[in-house]
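S.K.: After the structure tokens below, expect a handful of questions from me.
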Amino acid sequence: MPKGSPQASVNRIHGLGAECIVTDVNYDDTVRLASKTADKNDWMLVQDTAWDGYEQIPTWISQGYMTMADEAIEQLTTITEKRPTHVMLQAGVGAMAGGVLGYLSDKLGADTFKAVISEPEAANCIYRSGTSDNGSMQCVGGNLNSIMAGLACGEPNPVTWPILRNCSRAFVSVADNISATGMRILGNPLKGDTAVTSGESGAINLGLLYFLTSKPEGKTAADALGLNKDSVVLLFNTEGDTNPQRYRKLVWEGGLEITA
């Protein structure tokens, strides 16, 4: 696991009887170390990002994420006759986002909704790629420090990047406090809504949606995306409280609030 992985996650892996090694490097370098170790020991590597010569398993994993999209659309039809006007997806390497967006674009039509791809500003390789002059993949190095550890990846997945590049309307680099706000909203919703215990990586888009639609600084972007009271926005929470101690710090004690 990458540098900075919470001890709670390490303990859960140990609890399953598996060995867990926390490296002193970031996610992408940890993947390379895992690949090298697998080759050395003749092990099978199951990894959701891809590189030349290692595409099949990451493709299967991204295709597996399509189940989320299929179930979401099925569930949505029981709630409203309206289709999503906006789909907001979080990205690390882009495996989940690419799989879900590919399915929805095929099922609903890529021109029927606006896709927004978000990620931590400390690991914003997808944002940099999407806003580059020629849409080529851009990488981010360093520690990639973010409370959104599940999204702290610095190198896009080449298998899914073309989907994100071609089917997304906007790419957003998001500060940690936006995600923390999303966690608090999910855990303390309006009366009648179901409370959701969400981890940092899962709450990023609700926090972003709140920021865009309620803060003056987000108005220009919200207007450009056509976000308004009639919008039907589809979000996916992909994480529970994987770090319970930090969850309480952020949700109960109000850490990392939006001050503007």
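Note that full-length UniProt numbering gives residue 121 to position 121 of the sequence shown, counting from 1, and the numbers run on in steps of one.
Every residue gets a Cβ at the ideal spot worked out from N, C-alpha and C, and that includes glycine.
Source: prediction; values computed, not measured.
Could I get the ranges of all uninterrupted beta strand (DSSP E) runs contained in the segment 132-181, with 3 residues as the minimum, in chain order?
M.R.: With a minimum length of 3 residues, the continuous beta strand (DSSP E) runs that stay inside the segment 132-181 are 170-174.
S.K.: Have a look at GLN138 and PRO156 and give me their C-alpha separation to the nearest angstrom.
M.R.: Here residue 138 corresponds to residue number 138 of the sequence shown, with the count starting at 1. Here residue 156 corresponds to residue number 156 of the sequence shown, with the count starting at 1. So the alpha carbons of these two residues sit roughly 7 Å apart.
S.K.: Assuming ILE79 is part of the alpha helix (DSSP H), what are its boundary residues?
M.R.: Numbered from 1 along the sequence shown, position 79 holds the residue referred to as residue 79. From DSSP, ILE79 is part of no alpha helix (DSSP H); its letter is neither H nor E.
S.K.: So for TRP60, helix, strand or coil by DSSP?
M.R.: Counting from 1 along the sequence shown, the entry for residue 60 is found at position 60. It is helical.
S.K.: Could you tell me the alpha carbon to alpha carbon distance between LYS191 and PRO58, rounded to whole angstroms?
M.R.: Here the question's residue 191 lines up with position 191 in the sequence shown. Here the question's residue 58 lines up with position 58 in the sequence shown. So the two alpha carbons sit approximately 41 Å from each other.
S.K.: Quick one: grab the DSSP three-state call for LYS229.
M.R.: Your numbering for residue 229 matches position 229 in the sequence shown. Note: LYS229 maps to coil in three-state DSSP.
S.K.: Excluding the 5 residues flanking GLY255 on each side, which residues of the same chain have their C-beta closer than 6 Å to its C-beta?
M.R.: Along the sequence shown, read from residue 1 onward, the residue named residue 255 stands at position 255. Cβ within range, chain order: LYS249.
S.K.: Let's test the definition: count the other Cβ atoms within 10 Å of the Cβ of ARG12 and tell me whether it reaches 16, buried, or not, exposed.
M.R.: Within the sequence shown, numbered from 1, the residue matching residue 12 stands at position 12. Looking at its Cβ environment, which holds fewer than 16 other Cβ atoms inside 10 Å, ARG12 is exposed.
S.K.: If we cut at 9 Å on Cβ distances, does ASN188 have a partner in chain C?
M.R.: Protein chains in the displayed structure number just one, and chain C is not present.
S.K.: To which residues of the same chain is ARG128 closer than 6 Å at the C-beta, ignoring the five residues directly before and after it?
M.R.: Position 128 of the sequence shown, counting from 1, holds the residue named residue 128. Here the set comprises GLN138.
S.K.: What three-state label does DSSP hand PRO120 in the structure shown?
M.R.: As a working mapping, residue 120 is identified with position 120 in the sequence shown. Three-state DSSP puts PRO120 in a strand.
S.K.: Quick one, which of GLY142, CYS153, GLU71, GLU81 has its alpha-carbon nearest ALA50's?
M.R.: If you number the sequence shown from 1, residue 50 lands on position 50. Per the Cα distances, CYS153.
S.K.: What three-state label does DSSP hand PRO84 in the structure shown?
M.R.: As a position in the sequence shown, residue 84 is number 84, starting the count at 1. Residue state, collapsed to three classes: coil.
S.K.: Take ALA149 as the anchor and find which of GLY92, ASP42, ALA38 has the nearest alpha-carbon.
M.R.: Walking along the sequence shown from the start, residue 149 turns up at place 149. Cα-wise, what sits closest to ALA149 is GLY92.
S.K.: Give the DSSP bridge partners of TYR54, in chain order.
M.R.: Translated into positions along the sequence shown, residue 54 becomes position 54. Note: TYR54 sits in a beta bridge opposite TRP51.
S.K.: Quick check on GLU239: buried or exposed, where buried means 16 or more other Cβ atoms within 10 Å of its Cβ?
M.R.: Counting from 1 along the sequence shown, the entry for residue 239 is found at position 239. Buried, by the Cβ-count rule.
S.K.: For GLU81, is the classification buried or exposed, using 16 other Cβ atoms within 10 angstroms of its Cβ as the cut-off for buried?
M.R.: Position 81 of the sequence shown, counted from the start, is the residue given in the question as residue 81. By the 10 Å Cβ count, GLU81 comes out exposed.
S.K.: List the residues that DSSP assigns as beta-bridge partners of ALA115.
M.R.: What you label residue 115 is simply residue 115 of the sequence shown in a count that begins at 1. VAL87, per the DSSP bridge assignment.
S.K.: Mapping DSSP to helix, strand and coil, what is LEU190?
M.R.: What you label residue 190 is simply residue 190 of the sequence shown in a count that begins at 1. Coil at LEU190, not helix or strand.
S.K.: Which class does LEU235 belong to by DSSP, given the choice of helix, strand or coil?
M.R.: For the purposes of this step, residue 235 is taken as residue 235 along the sequence shown, with counting starting at 1. Three-state result, LEU235: strand.
S.K.: Since residue 263 contacts LEU89 with CB under 8 Å, what's their CB separation in whole angstroms?
M.R.: Residue numbering for the chain in the displayed model covers 1 to 260; residue 263 lies beyond these limits and cannot be assessed.
S.K.: What first and last residue would you give for the alpha helix (DSSP H) that runs through ASP28?
M.R.: Working through the sequence shown from its first residue, we reach residue 28 at position 28. It spans 27-41 - the alpha helix (DSSP H) in which ASP28 sits, taken as one unbroken run.
S.K.: Within the continuous alpha helix (DSSP H) that includes ALA95, where are the two ends?
M.R.: Reading the sequence shown from its first residue, position 95 is the one you call residue 95. From DSSP, the alpha helix (DSSP H) with ALA95 extends over 95-104.
S.K.: Quick one: is ILE21 buried, meaning 16 or more other Cβ sit within 10 Å of its Cβ, or exposed?
M.R.: By one-based count along the sequence shown, residue 21 stands at place 21. Exposed, because fewer than 16 other Cβ atoms sit within 10 Å of the Cβ of ILE21.
S.K.: When the Cβ atoms of the segment 120-135 are set against those of the segment 183-190, are three or more pairs found closer than 8 Å?
M.R.: No: fewer than three Cβ pairs fall under 8 Å.
S.K.: Considering only C-alpha positions, which residue in the set ASP24, SER9, VAL25 is nearest to ALA18?
M.R.: The residue given as residue 18 occupies position 18 in the sequence shown. Per the Cα distances, SER9.
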